[in-house]
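All remarks here apply to the structure that follows.
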Amino acid sequence: MRLYIDDVLVKDAWLDQAASTYFADITLAPGTHRVRLEYYDRNQSAQISLRWAQRSQVQAPAPTPVPTPASAPAPRTVAPGAFAYGIQAHALEVHNSRPVLRAINDLGFTWLKQQVRWEDMEPSRGNRQWGELDDLVDRANRANVNVLFSVVTTPAWAREPGADMSVAGPPLDDQDFANYMGALASRYCNSSVKALEVWNEQNLHYEWGNLPISANDYIAMLRTANTAIRTACPTMLIVSGALTPAGNNRRPDGFVLARDDLEYLKEMIQLGMLNYVDAVGAHPSGFNIPPHATLQNYCSVIRDTGMANFDAGCNSNNAHRSFSFRSTMEGYRAAVAAVNPAISIWPTEFGWAVERPPGNPSYRATYMFALDNSYQEQADWTVQAYQMMKSWGWVGPAFLWNLNFRVVASGTERAQWGIVESDWGPLPAYQALKALPK
Numbered sequence: 074m075r076l077y078i079d080d081v082l083v084k085d086a087w088l089d090q091a092a093s094t095y096f097a098d099i100t101l102a103p104g105t106h107r108v109r110l111e112y113y114d115r116n117q118s119a120q121i122s123l124r125w126a127q128r129s130q131v132q133a134p135a136p137t138p139v140p141t142p143a144s145a146p147a148p149r150t151v152a153p154g155a156f157a158y159g160i161q162a163h164a165l166e167v168h169n170s171r172p173v174l175r176a177i178n179d180l181g182f183t184w185l186k187q188q189v190r191w192e193d194m195e196p197s198r199g200n201r202q203w204g205e206l207d208d209l210v211d212r213a214n215r216a217n218v219n220v221l222f223s224v225v226t227t228p229a230w231a232r233e234p235g236a237d238m239s240v241a242g243p244p245l246d247d248q249d250f251a252n253y254m255g256a257l258a259s260r261y262c263n264s265s266v267k268a269l270e271v272w273n274e275q276n277l278h279y280e281w282g283n284l285p286i287s288a289n290d291y292i293a294m295l296r297t298a299n300t301a302i303r304t305a306c307p308t309m310l311i312v313s314g315a316l317t318p319a320g321n322n323r324r325p326d327g328f329v330l331a332r333d334d335l336e337y338l339k340e341m342i343q344l345g346m347l348n349y350v351d352a353v354g355a356h357p358s359g360f361n362i363p364p365h366a367t368l369q370n371y372c373s374v375i376r377d378t379g380m381a382n383f384d385a386g387c388n389s390n391n392a393h394r395s396f397s398f399r400s401t402m403e404g405y406r407a408a409v410a411a412v413n414p415a416i417s418i419w420p421t422e423f424g425w426a427v428e429r430p431p432g433n434p435s436y437r438a439t440y441m442f443a444l445d446n447s448y449q450e451q452a453d454w455t456v457q458a459y460q461m462m463k464s465w466g467w468v469g470p471a472f473l474w475n476l477n478f479r480v481v482a483s484g485t486e487r488a489q490w491g492i493v494e495s496d497w498g499p500l501p502a503y504q505a506l507k508a509l510p511k
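Heads up, the sequence shown is in my numbering, so the first residue is 74 and it goes up one at a time.
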């Protein structure tokens, strides 16, 4: 049960789902006030009533002990630096959350990453849609799965005048975003939601509204969100928005399409980012290169294995660190450790795409590397990547991209990273990860 008066949370007993009586005390000015009462009704048999009285009229009965339901586990403490096995999935709506959580348990994993599209969850100011998130959080509680919410995409009402709504972008007023992040942290404090990732790939033009890509602007947004989250739920972990692996990329007219992620990361650190986060997000993509290969040797690996579709810049002498999973991770670690070695790197997205056979409608021409990878390579390299990250000692939860986009987004480029087929049949990567000793 949750009780709001004038949109202010007065009583929060959301995790206590047993029958009980709750009391809350509030001082109100004379006049009309808005009351909102939220409660569970799983079996369509719940009953709830609300009564109010002046303080002098209230006689509180002696409390009756109420047993904690077996389905509501005690809050767990999660160390920001602790390595763990995680995976990104689309788990909203019951028909997705149930099989996703079953699969995570079956794999022996303990973390789920779910992207939360702010534009869908608050379509107008203050009109926050909690139903799907509430259901997922409740089910994750019962499945004993930790959740990372990655929050992205500003709603139209919070964008700048004349915003390019064909792409995601930041808010005009950082406080609007902070208000939502604070509400999210408050609602799910001490639940299965253990961490919030603040944005996604902000060094990429179509994740930053086709505006000038600015580390300074991102840090201002992060700092404001940090204040709201820390105030609402001091135990909620904050993860910086993971950057897309990239070099500096401009159009002929000079428009910046992407900023080098390591350069951008160092700028964020110089601007004080590590004061506002518990962990640093990363997206160390695999492309068509095994995880152990580095910038110094991956071109020889590509030549030796006969990969024909994607050369990662090797044939034009444009090899770049961002094509190497290992070099990207080690570059991030060096940049962070130079300032605060206690802060861990959270790979909130990594993996290897596979497209077989060529010509499949889900194939996307810009992802030529997917044609060089086999299902067995996807399985082997994913296992090796997890083993490497676990051994390094500075990696937190690592989230494979992705579990079920062959199910929910069949026919799109995102499906190429999925580890189950459209009917949930396990691919070799799923089977290898299930067998991997944790």
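Where is the CB? At the ideal position from N, CA and C, for every residue including glycine. As the structure is a computational prediction, the values presented were derived from the model and not from experiment.
Exercise for review: Please classify I177: does DSSP put it in a helix, a strand, or coil?
Suggested key: In the three-state DSSP reduction, I177 falls in the helix class (H, G or I).
Practice item. Work out the CA separation of I375 and N446 for me, nearest whole Å. Key: If I take the Cα positions, the gap works out to 11 Å.
Exercise for review: Kindly indicate the opening and closing residues of the alpha helix (DSSP H) around V481.
Suggested key: Note, V481: alpha helix (DSSP H), F478 to V481.
Check your understanding: Does the Cβ of K186 have 16 or more other Cβ atoms within 10 Å, making it buried, or fewer, making it exposed?
Key -> Buried, by the Cβ-count rule.
Check your understanding: How big is the Cα-Cα spacing for A229 and D237?
Key -> Spanning the two alpha carbons is a distance of roughly 10 Å.
**Study point:** C-alpha distance - Q504 paired with A241, whole-angstrom precision
**Key:** C-alpha separation (whole angstroms): 35 Å.
Review point. Using a threshold of 7 Å, is the CB atom of D237 nearer than that to any non-hydrogen atom of the ligand GTP?
Key: Although the ligand GTP was asked about, the structure shown includes no ligands whatsoever.
**Study point:** Continuous beta strand (DSSP E) assignments of at least 3 residues falling wholly in the stretch 311-390
**Key:** Runs found: 329-331 and 352-355.
Practice item. Please look up how many angstroms separate the CB atoms of V480 and V468, rounded, as I've assumed it's under 8 Å. Key: Contact doesn't hold; Cβ gap of about 28 Å is too wide.
Review point. Just how far apart, CA to CA, sit M380 and Y291?
Key: CA-CA distance, M380 to Y291, rounds to 38 Å.
Review point. Counting Cβ pairs, one atom from each stretch, are 3 or more of them under 8 Å apart for the stretch 418-430 and the stretch 470-479?
Key: Three or more beta-carbon pairs separated by less than 8 Å link the stretch 418-430 to the stretch 470-479, which places the two stretches in contact.
Point to revise | Residue from D179, I286 and W465 whose Cα sits closest to the Cα of E340 | key: For E340, the closest alpha carbon among the candidates D179, I286 and W465 is that of I286.
Review point. Going by beta carbon distance, what residues of the same chain come within less than 8 Å of N321, once the five residues before and after it are set aside?
Key: Residues of the same chain with a CB within less than 8 Å of the CB of N321, apart from the 5 flanking positions on each side, are V329, A331, R332, D333 and E336 in chain order.
**Study point:** Cutoff 7 Å; reference P153; Cβ partners in own chain excluding five residues on either side
**Key:** Around P153: L310, D351, A352, S417 and G469.
Check your understanding: Mind pulling the alpha helix (DSSP H) runs of 4 or more residues that sit fully within the stretch 164-241?
Key -> Counting only runs of 4 or more, we get 167-180, 191-194 and 204-216.
Check your understanding: First and last residue of the alpha helix (DSSP H) that includes W454?
Key -> Counted as a single uninterrupted DSSP element, the alpha helix (DSSP H) harbouring W454 occupies residues Y448 to W465.
Exercise for review: Classify K507 as buried or exposed, calling it buried when 16 or more other Cβ atoms lie within 10 Å of its own Cβ.
Suggested key: The C-beta of K507 has fewer than 16 other C-beta atoms within 10 Å across all chains shown, which makes the residue exposed.
Check your understanding: Do you know how far the Cα of L76 is from the Cα of S358?
Key -> Using only the alpha carbons, I get a separation of about 44 Å.
Review point. In the structure shown, what three-state DSSP assignment does R124 receive?
Key: Residue state, collapsed to three classes: coil.
Review point. Under three-state DSSP, which class holds G159?
Key: In this structure, G159 counts as strand in the three-state DSSP scheme.
Point to revise | 8 Å contact criterion, which M57 and A216 should meet: CB distance rounded | key: Absent from the structure is residue 57, since the part of the chain shown begins at 74 and ends at 511.
Exercise for review: Under 6 Å Cβ to Cβ from T367, same chain only, skipping five residues before and after it: list those, please.
Suggested key: Within the same chain, T367 has close Cβ partners S397, R399 and S400.
**Study point:** Selection from I302, E450, F250 and K463 that minimises the alpha carbon distance to M402
**Key:** Answer by Cα proximity: K463.
Practice item. Please name the residue or residues paired with S417 in a DSSP beta bridge. Key: Answer by DSSP bridge pairing, in chain order: A352.
Exercise for review: Using a threshold of 8 Å, state whether the C-beta atoms of F360 and F478 are closer than that.
Suggested key: Their beta carbons are not under 8 Å apart, which means F360 does not touch F478 by this criterion.
**Study point:** Burial state of A411, where buried means 16 or more other Cβ atoms lie within 10 Å
**Key:** The residue in question, A411, is exposed, as its Cβ has fewer than 16 Cβ neighbours within 10 Å.
Exercise for review: Reducing DSSP to helix, strand and coil, say where L245 ends up.
Suggested key: Note: L245 maps to coil in three-state DSSP.
Check your understanding: When burial is assigned at 16 or more other CB atoms within 10 Å of the CB, is L269 buried or exposed?
Key -> Burial call: buried.
Review point. Excluding five sequence neighbours on each side, which residues of the same chain lie with their C-beta closer than 6 Å to the C-beta of W184?
Key: Closer than 6 Å at Cβ, skipping near neighbours: A157, G159, N219 and P470.
Point to revise | Environment of S313 [buried if 16+ CB atoms lie within 10 Å] | key: By the neighbour-count definition (other C-beta atoms within 10 Å, threshold 16), S313 is a buried residue.
Check your understanding: Which term fits S395, buried or exposed, when burial requires 16 or more other beta carbons within 10 angstroms of its beta carbon?
Key -> Buried, because 16 or more other Cβ atoms sit within 10 Å of the Cβ of S395.
Check your understanding: By a C-beta neighbour count over all protein chains shown, 10 Å radius and 16 as the cutoff for buried, is K511 buried or exposed?
Key -> When all chains shown are included, K511 counts as exposed.
**Study point:** Coil, strand or helix - V409 by DSSP
**Key:** Under the three-state reduction of DSSP, V409 is assigned to helix.
Review point. Can you tell me whether DSSP reads A268 as helix, strand or coil?
Key: Residue state, collapsed to three classes: strand.
Review point. Would R323 be called buried (16 or more neighbouring beta carbons within 10 Å of its own) or exposed?
Key: Taking a 10 Å sphere around the C-beta of R323, we find fewer than 16 other C-beta atoms and assign the residue as exposed.
Point to revise | Where L110 falls: helix, strand or coil (DSSP) | key: If DSSP states are grouped into helix, strand and coil, L110 belongs with the strands.
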